[in-house]
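Worksheet: one structure, shown below.
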Amino acid sequence: MMTTRILEWLGRIYVWLLLAFLYLPIIIMALMSFNASPFYQLPFEWTTDWYASLWQNDQLISATWNSLKIAVITTIICVVLGTTASLALFRYEFRGKKLLQALLFPPIAIPWLITGTAMLIFFFGVGIGRGLFAILLGHVALALPYVIVVVSARLQTFAPELEEAARSLGANQWQVTNRVTLPWIMPGVIAGGLFAFAVSFDQFVVSYFLSTPGQTTLPVEIYAAIRKGFTPEINAVSTIIIVVSMALMLLTARFFKFGGEK
Amino acid sequence: MRMPRLTALLTATAVFTTALTLAASAAEVHVLNWKGYGADEPWAIAAFEKATGNKVVNDFFNSEQEMLTKLRTNPGLYDVVMINAAFNDQAMSEKLIQPIDTSKLPNYADISKDKAGSPMLDHDGKVYGVPWVWGLTALAINEKSFDKPPTSIAEMWDPAHKGRVVIRDDAVEAVQFGAIATGQNINDIKDMDAVKTKLTSLMPQIKTFWSSENDWNQMVASNQIDIGTYWSGSADRAKTHFKLPVSLVIPQEGAVAWLDAFSIPVGSKNVAGAEAFINYMIDPKFYVEWVTKVGAPVSANTKAVEALPEDAFNRKVMGDPDVAKRIQFQAPITDAQREAYLALWQQLKVDVK
Amino acid sequence: MAEGAAASRGGLGKALPLLAPAYLWLTVAIFLPLSAMVFFSFMTDLPLTGKPWAFTLGNYAAFFSQSLYLTLLLASLRLGLEVTLWCVVIGYPAAYVLAKVLKGRSREAIFLLVILPFWSNGLVRIFSWAMVLREGGILDAALNAVLPFKINIDLMYSYPAVIIGLVHSYVPYMVLTCYLTLQAIDDSLIEAGRSLGASRLQVLKRVIIPLSMPGLVAGAALIFVPVVGSFMEPRILGGRTGTFYGTVIEDQFVAVFNWPLGAALSFILLAVVLVILAVASPVLRRAA
């Protein structure tokens, strides 16, 4: 089994190479937030000035808050609407169910460039306009299908007999849902919520077409900065975001262990 | 889900949603301009805010096209917009900007007469733009790549610089640059085919198209380019403020000159604040500080230019009659011309694929 | 089963209140906008600007009469194809190692590490590459420090730079979808194949790849579709080669203000993407 060993070690090395490919630019980006030169010139000169000036940058800070707020609201709305819809799709049989399930596909499958420009035209045309509210409308629509798909997948593992049993013991519909079904699908709901948060927080294209000056999200602000004048402040804010989101993700992983176990 | 918990969730959502709606205060001046172009200098904003009590909110554009679209799609949002005089006519005819009451601008009297009286800014006896600064789209070089500065525009086509040349991603500017390279009048291009051939042969030389000052400066900082089209004020800033090895070359064939002016968009909610801001921007005190600290093009305010030292670039070189002979000021272009330029530029960009 | 049947008969009535909010939202924010886009694409001008407008086929005629849009669409499709292929080549082996070689905690940790970049901002990752790739940038400096001879690596503002940036952004999807299907393959199947005398390659070809096909196809779709519509990555990394179908659409909306033409170009892209997905879906279903 010598060859197996060698192959396995080659595999391991390969995975580490992939990780290097994935992380190298991120690490460099983070390092450059501590470099004094505004043009990322080497040699490296240590500074924390960019972090200090970040706190003075009202536009970047307000965009960051907008991103967080929109992501949180998107998550809440998607979890509520998505879970109820998944329960309905799971519990009831009716004509047109297949079609409804198929309709979840377009928001995921259509390039965001198309969805984003379509929303721009429509919202502009009917007077919803652009801005944070429009961005929220768009984000929920993009994230909702993910939540429904993830929660439905979890529901597939649920035995409907459990609900029957609870009902025969005299529980009403609310009690059944609340005591039996929801606890079972909770991991799916949380995973769906995380998905919704990630989709919204990282969403650029749709926000880009729907934002107005002053009502933008962080990715839009970063794109504007890249195109109109980039300073390492952007690296600083990204470094903070990455550290925070990775810490969050690791914490969640400790509690919910996705992917690890069979 | 238990009812109270659901209610709590919904309430939380409602609270968050209300938190999303921003209240705009009346004492804000929303300014639309290029990034890093005077109006967003922190010291200038601080001084203006202290003097007038208005808060400045900056927004930026990447091209004149984008500027116009921002005005079109955000009516009522901006109070001040910086428009190249050659585009003033278009903005006015689309009803994007309003006449300015120059009696509210004490510094307006000091604007040089030929600039203030420009037919590009005044329509039907009304002033639609207040001249701010003028400058050139000339060449700039990376000093590390040249022993002595070139004198001819032909340097851009020199195979020695293959892959190390930049030009701005702008249809009008590119075509007018091509006109100069083919010895034509930029405002009356007779031989478009010559321009096209000339620009086509430039394409393989090009590293990238720049769209902001920052692009240019970063590429010089990392020594990626030798030469390219650049704005005179930006070259000055790159040298003075950012200490980059950049110098401006006004080629013997000539250069494109432009006049930048401030306008007040239709629907501005703070016209008084806008007037105060424009007046501050054309003030000699602001200008001198801008030139000294950061670097800038030439002010349209004669007193402001006189306040500079005799040997300042903006007096010595830009005021040189020999230079004045070589440069051609941009005039407004018609819709048909604009479309033709845009189509040509798009085709050139696609042909490199 | 009688009860189940009873439940299903009155199903729609009971399901509707639960489904309505979600689907109403999707209608307002996805389906109506898409219909509006089709409608707008047949107009001469936006009715909003107060200018006179009429119905026209001109926007579509513009696409077919000028070779430039078709050239760009093909370039974008090629970009999507190349990026997808690289993601398969790079991502699939990694997914295999994760699913079949690594065990326990180290698998969990590495899996998380692969997924984590997905949580960092995509724009910033693209920009980081600009720093790595440019001449005198990190890659150049690092290689010249290690190698005895002088080399010049200047990938910034080139087609390869766009590919690298996009592969970096999208390869975690491929790892994720392939990992999920590979993990579901029973190890004993592979053992059985080996003990029957099949070589490693034969097992790979006959057992592992066919069984993980759904993951591969799903991953490919998840990558191909957004890459065809990408505009931000080519803009930042592509330089003079950075003009693609997506950047032209962006220009119509953000700069040139020709929304009807932008809508027509978007709709053509949508049609092309749907056709491609339709062709791919039987493969997906058969594999599943």
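Chains as they are written, first to last, in the numbering used here: chain B, 766 to 1027; chain F, 2 to 354; chain S, 55 to 342. We put the beta carbon where it would ideally sit given N, CA and C, even for glycine. Quick caveat: nothing in here was measured; it's all calculated off a predicted structure.
Can you grab the Cα-Cα spacing for the pair residue i / residue j, in whole Å?
{"i": "B/I879", "j": "S/L323", "result": "8 Å"}
{"i": "B/V954", "j": "B/L846", "result": "11 Å"}
{"i": "B/Q940", "j": "B/L852", "result": "14 Å"}
{"i": "F/M83", "j": "F/P151", "result": "32 Å"}
{"i": "S/I84", "j": "B/T848", "result": "19 Å"}
{"i": "B/T769", "j": "B/W781", "result": "18 Å"}
{"i": "S/I164", "j": "F/T201", "result": "50 Å"}
{"i": "B/A936", "j": "B/V945", "result": "10 Å"}
{"i": "F/D192", "j": "F/Q347", "result": "19 Å"}
{"i": "F/S119", "j": "F/Q253", "result": "26 Å"}
{"i": "B/I778", "j": "F/S213", "result": "42 Å"}
{"i": "B/Y805", "j": "B/M797", "result": "7 Å"}
{"i": "B/A867", "j": "B/V915", "result": "15 Å"}
{"i": "F/D159", "j": "F/D227", "result": "11 Å"}
{"i": "F/I207", "j": "S/L70", "result": "60 Å"}
{"i": "F/M4", "j": "B/N943", "result": "The pLDDT assigned to F/M4 is 45, lower than 50, so where the model puts this residue is not dependable; a value taken from the coordinates is nonetheless given after this. Using only the alpha carbons, I get a separation of about 10 Å."}
{"i": "F/R73", "j": "S/N113", "result": "21 Å"}
{"i": "F/L137", "j": "B/Y816", "result": "36 Å"}
{"i": "B/G994", "j": "F/N34", "result": "13 Å"}
{"i": "B/P925", "j": "B/L947", "result": "13 Å"}
{"i": "S/L72", "j": "B/G861", "result": "15 Å"}
{"i": "F/L21", "j": "S/F172", "result": "Annotation note: pLDDT 48 at F/L21 (below 50); position unreliable, no value reported."}
Going along the chain, which residues of its own chain have a beta-carbon closer than 8 Å to the beta-carbon of residue i, five neighbours each way excluded?
{"i": "F/K96", "result": "V267"}
{"i": "S/L331", "result": "A275 and V279"}
{"i": "B/E929", "result": "none"}
{"i": "F/M204", "result": "L349, D352 and V353"}
{"i": "B/Y988", "result": "F969 and Y973"}
{"i": "F/G274", "result": "A28, E29, V30, T53, N55 and D80"}
Using alpha carbons as the reference points, say which of the options lies closest to residue i.
{"i": "S/F89", "options": "B/T882, B/S818 and B/R770", "result": "The amino acid occupying residue 89 of chain S in the given sequence is Ser; Phe does not appear at that position. Among B/T882, B/S818 and B/R770, the Cα nearest to that of S/S89 belongs to B/T882."}
{"i": "F/Y129", "options": "F/A52, F/F88, F/T335 and F/V166", "result": "F/F88"}
{"i": "F/A182", "options": "F/I334, F/K350 and F/Q329", "result": "F/Q329"}
{"i": "B/I842", "options": "B/E998, B/A989, B/A1001 and B/G957", "result": "B/G957"}
{"i": "F/A308", "options": "F/D115, F/V324 and F/I283", "result": "F/I283"}
{"i": "S/M185", "options": "S/I218, S/L201 and S/G158", "result": "S/I218"}
{"i": "F/R165", "options": "F/V221, F/S213 and F/A277", "result": "F/V221"}
{"i": "S/V143", "options": "B/L783, B/W949 and B/L1015", "result": "B/L783"}
{"i": "B/E773", "options": "S/A129, S/V155 and S/Y146", "result": "S/V155"}
{"i": "S/P264", "options": "S/G65, S/A238, S/G316 and S/P75", "result": "S/A238"}
{"i": "F/T103", "options": "F/Q338, F/E311, F/A277 and F/T293", "result": "F/A277"}
{"i": "S/A195", "options": "B/L1015, B/F786, B/A801 and B/L807", "result": "B/L807"}
{"i": "F/V257", "options": "F/I98, F/M319 and F/S94", "result": "F/M319"}
Could you round the C-beta distance between residue i and residue j to whole angstroms and report it? I think they count as a contact, below 8 Å.
{"i": "F/D111", "j": "F/T303", "result": "6 Å"}
{"i": "F/D237", "j": "F/F314", "result": "6 Å"}
{"i": "F/D170", "j": "F/F210", "result": "4 Å"}
So, for residue i: in the same chain, excluding its five sequence neighbours on each side, which residues have a beta-carbon less than 6 Å away from its beta-carbon?
{"i": "B/T839", "result": "H904, V905, A908, A961 and S965"}
{"i": "B/V985", "result": "S972, Y973 and S976"}
{"i": "S/Y233", "result": "A149, L152 and A153"}
{"i": "S/G293", "result": "Y211"}
{"i": "S/A317", "result": "M91, F94 and S95"}
Check the Cβ of residue i against every Cβ in chain F and list those closer than 7 Å, keeping chain order.
{"i": "B/P978", "result": "D60, N75 and L78"}
{"i": "S/A309", "result": "S64, Q66, E67 and T70"}
Determine the chain B residues that contact residue i at a beta-carbon separation under 8 Å, and present them in chain order.
{"i": "F/Q219", "result": "F804, Y805 and F995"}
{"i": "F/N63", "result": "R992 and K993"}
{"i": "F/K36", "result": "K993 and G994"}
So which residues of chain S does residue i contact, with C-beta pairs closer than 8 Å?
{"i": "B/G953", "result": "The premise fails here: B/G953 is roughly 15 Å from chain S at the closest Cβ pair, so nothing lies under 8 Å."}
Note down, in chain order, every chain S residue with its Cβ under 9 Å from the Cβ of residue i.
{"i": "B/I835", "result": "Chain S residues near B/I835: none, gap ~14 Å exceeds 9 Å."}
Below 7 Å on C-beta distance, what does residue i contact in chain A?
{"i": "F/V351", "result": "Although the question refers to chain A, the structure presented lacks it and instead comprises the protein chains B, F and S."}
Under 9 Å between beta-carbons, which chain B residues line up against residue i? List them in chain order, please.
{"i": "F/S212", "result": "R992 and K993"}
By the criterion of Cβ-Cβ separation under 7 Å, what are the contact partners of residue i in chain S?
{"i": "F/T209", "result": "Y211, G293 and R294"}
Can you pull the chain B residues whose beta carbon is under 7 Å from the beta carbon of residue i, in chain order?
{"i": "F/A222", "result": "F804 and Q806"}
Quick one: residues in its chain with C-beta nearer than 7 Å to the C-beta of residue i, no 5 flanking neighbours on either side, listed in chain order?
{"i": "F/E65", "result": "N85 and F88"}
{"i": "S/W313", "result": "F94, L100, Q306 and F307"}
{"i": "B/T982", "result": "A828, N831, S832, I835, I900, S972 and S976"}
Can you name the residues of chain F whose CB is closer than 9 Å to the CB of residue i?
{"i": "B/A853", "result": "The premise fails here: B/A853 is roughly 14 Å from chain F at the closest Cβ pair, so nothing lies under 9 Å."}
{"i": "S/R179", "result": "Those do not exist, as S/R179 stays about 18 Å from chain F at its closest Cβ, beyond 9 Å."}
For residue i, go through chain F and note every residue whose CB falls closer than 8 Å to its CB, in chain order.
{"i": "B/A989", "result": "F61"}
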